[in-house]
Amino acid sequence: MKSKAREEIATSVVIIGGGPAGLTSGYELMKHGVKAIVLERADKVGGISRTESYKGYRFDIGGHRFFTKVGEVKAIWQEILGDDFIQTPRLSRIYYDGKFYDYPLALFKTLRNLGLVRSFLIVISYLRAKLKRYLGLSSTPQTFEDWVTDCFGARLYRIFFKTYTEKVWGIPCNQIRADWAAQRIKNLSLKEAVINALFGSKNSKSLIKTFDYPRLGPGMMWERCQEILEEHGTPVHLNTEVVRVEREGRRIHTVIAKQGDRNFELTGDHFISSMPVTALMHRLHPPPPDYVLAAARGLTYRDFLIVSLILDRAYLFPDNWLYIHSPEFKVGRIQNFKNWSIAMVPDANKTCLGMEYFCSEGDGIWEMTNTQLIELASQEILKLNLGVKASDIEDGCVIRQYKAYPVYDGEYRRHLKVLEDYIRGFENLQTVGRNGMHRYNNQDHSMLSALLAAKNILGEEHDIWNINVERSYHENFTDQEWAQLKQKTAESRADRKSLTPAA
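Just so you know, we're using my numbering here: the sequence shown kicks off at 8 and counts up by one.
Here it is, written out as structure tokens:
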């Protein structure tokens, strides 16, 4: 059978992926008059920051707070959305053993819930861990379990960290790298919790009380960005799958893509990819060396699905979301979308809850039918005693998200280093974002990596692979650190020798 002719398109920059990272690169290039094309496999932009809808109810694929101290990222948000941001109060709690705990943990409320005996044992466990470190008897933490136990003691680790973390990742905590703990919870401290409870916080601004949120959900931001790009000559092709990425030596020259019955051959001077780095390696032609492909196969992901339940209730609880640590429940988090923005529901007398399940393609939860998942979510919301009655549940729908979270297992660092070194050797290819760099980043950091990639094309020099090493957690990343980062990445890039990918 004769294949259909390909449409040949020439552009300056080909951007693979229409999530926050890909669109940010396109937006920055557009502002400087650089011609680009964005390719997105899904039927809408935004990636895991998109907003889905069902019968007028809007919901996130996981919650996305718009807070950053990276000035240039904040500026992009304001340029794109402006007055369509609302201020949303931040409130989330932990549900464990039938009780609610503030998040971050509030000392006296936590002790009251746990009881005198358990609280005493937690303090003893914490002091034992600190004494062990003081005496030099503890080694450098290698796993999540090591890191949290070293910081908080074994008992608090088992109560508030172990069950939820294993629910999220699907593997034991002693198989998760300490990198993830250091990146995500490094600002938590039992010592600081005690001091803050007794004397008040010396840094009350370190944890935000409110945050910006798009009136119609995060997808509103990226749909608006798509409109701006297309109005200014940067097309965004949806439902478009990258079939092959053709290279010659150290340069990419063509992307072969398919959109329904249409086939595209896109040539460019530069290429930015936010697609999963594992998939990118397998799209390259000629293929990379076997050791690179083996490293790509070694990286794994955690998938995710959300069951949105429509309830005939005007009010349930005040939180944006609840963390469900109790192991007897399969649900990991519960979003209350009405508490993010009242505009997320079409009827103020109704509530829409997002029951979030962390899973892996092919496992028991993933293989359940939508009907079975809605039934599971309905049964669990009733058992949680959050005030929902069976008669309140009117409807539901299911959204599945492949490769939502890059897994930090015991081998990931070694595999990722192989891929990083290989990608660095290309003259005109940059990977950005959470999946493009296999890093569990927040939205603002994904945007930062993409922003710097665009600036590299514009003539600056930034080492985007070192951003995550140099940055603080997104709620504490200051403008001063941003300036220091730009200087350090320029210096490291100047000192680094390029590696040749051709083999």
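Just so it is clear, CB atoms sit at the ideal spot from N, CA and C, and this is done for glycine as well.
Remember, predicted model here, so these are calculated numbers, not experimental data.
Do L98 and D428 count as a contact pair if the criterion is CB distance below 7 angstroms?
no
Looking only at C-alpha atoms, which of L30, R340, V425, I317 sits nearest to E401?
I317
Taking contact to mean 3 or more Cβ pairs, one atom from each stretch, closer than 8 angstroms, check whether the region 322-341 and the region 419-439 are in contact.
no
Classify Y542 as buried or exposed, calling it buried when 16 or more other Cβ atoms lie within 10 Å of its own Cβ.
The requested residue 542 is not part of the displayed model; the chain covers only 8 to 510.
Which stretch, first to last residue, makes up the beta strand (DSSP E) that contains Q408?
400-413
Rank T378, D370, K357, L128 by C-alpha distance to the C-alpha of V395 and give the top, closest one.
K357
Can you tell me which residues form a DSSP beta bridge with Y364?
L312
The alpha helix (DSSP H) that contains V299, what's its start and end?
297-305
Please tell me whether C359 and S398 are closer than 7 angstroms, where the distance is taken between their beta carbons.
no
Looking at chain B, is there any beta carbon in it that lies within less than 7 angstroms of the beta carbon of D276?
Protein chain content of the structure displayed is limited to a single chain, and chain B is not contained in it.
Could you tell me whether the Cβ atoms of V284 and G443 are closer together than 7 angstroms?
yes
Leaving out the 5 sequence neighbours to the left and right, which residues in its chain are closer than 7 angstroms to N463 when beta-carbon positions are compared?
Q437, H469
So is C366 buried or exposed if we call it buried at 16+ other beta carbons inside 10 Å?
buried
Enclosing beta strand (DSSP E) for T261 [first to last residue]:
258-266
Nearest neighbour of P111, chosen from F168, L323, A12, G143 [CA to CA]:
F168
Excluding the five sequence neighbours on either side, which residues of its own chain have a C-beta within less than 6 angstroms of the C-beta of K424, listed in chain order?
none
What are the start and end residues of each continuous beta strand (DSSP E) run of 3 or more residues lying completely inside the region 53-100, in chain order?
58-61, 64-67, 92-96
Return the residue from the list V21, L138, Y34, A12 that minimises the CA-CA distance to L455.
Y34
When DSSP labels each residue in this structure, what does H254 get in the three-state scheme?
In the sequence as displayed, the identity of residue 254 is Arg instead of His. Of the three classes helix, strand and coil, the one that applies to R254 here is strand, per DSSP.
Cα-Cα, which of H277, N270, E173 is closest to E15?
N270
What are the boundary residues of the beta strand (DSSP E) that R125 is part of?
First-last for R125: 123-141, but that is the alpha helix (DSSP H), not the beta strand (DSSP E).
Tell me, which residues are paired with D104 by DSSP?
Beta-bridge pairing links D104 to no other residue.
So if DSSP puts F218 in a beta bridge, which residue, or which two residues, is it bridged to?
T95
Helix, strand or coil: how does DSSP classify D109 here?
strand
My output table needs one value for S280: the three-state DSSP class, helix, strand or coil.
strand
Taking just the CA atoms, how far does T217 sit from E426?
Glu is not the amino acid found at residue 426; the sequence shown has Leu there. Rounded to whole angstroms, L426 to T217 spans 39 angstroms at the Cα level.
Taking 8 angstroms as the limit between beta carbons, can you name the residues of its chain near R184, skipping five residues before and five after?
Q149, T150, F151, Y415, D416, G417, Y419, R420
Please classify Y103 as buried or exposed, where buried requires at least 16 neighbouring CB atoms within 10 angstroms.
buried
Can you tell me where the beta strand (DSSP E) holding Y322 begins and where it ends?
Taken as a continuous stretch (DSSP letters only), Y322 belongs to no beta strand (DSSP E), as it is neither H nor E.
Quick one: residues in its chain with C-beta nearer than 7 angstroms to the C-beta of A460, no 5 flanking neighbours on either side, listed in chain order?
S32, I279, Q437, V439, I471
Other residues of its chain near V249: CB distance less than 7 angstroms, five sequence neighbours each side excluded
I23, L46, V262, A264, M282, R290
Who are the Cβ neighbours of K62 in its own chain at under 6 angstroms, not counting the five residues just before and after it?
none
Short of 8 angstroms in beta carbon distance, which residues of its chain neighbour I235, apart from the five on each side in sequence? Order them along the chain.
Y34, M37, I87
Between the alpha carbons of M288 and K81, how many angstroms are there, rounded?
32 angstroms
Among residues of its own chain, excluding the 5 on either side of W107, which ones have a beta-carbon nearer than 6 angstroms to its beta-carbon?
Looking at the sequence itself, residue 107 is Phe, so the reference to Trp does not match. For F107, where only same-chain residues beyond five positions count, the Cβ hits under 6 angstroms are R100.
Excluding the 5 residues preceding and the 5 following A188 in the sequence, name in chain order all residues of the same chain whose CB lies nearer than 7 angstroms to its CB.
F151, W154, V155
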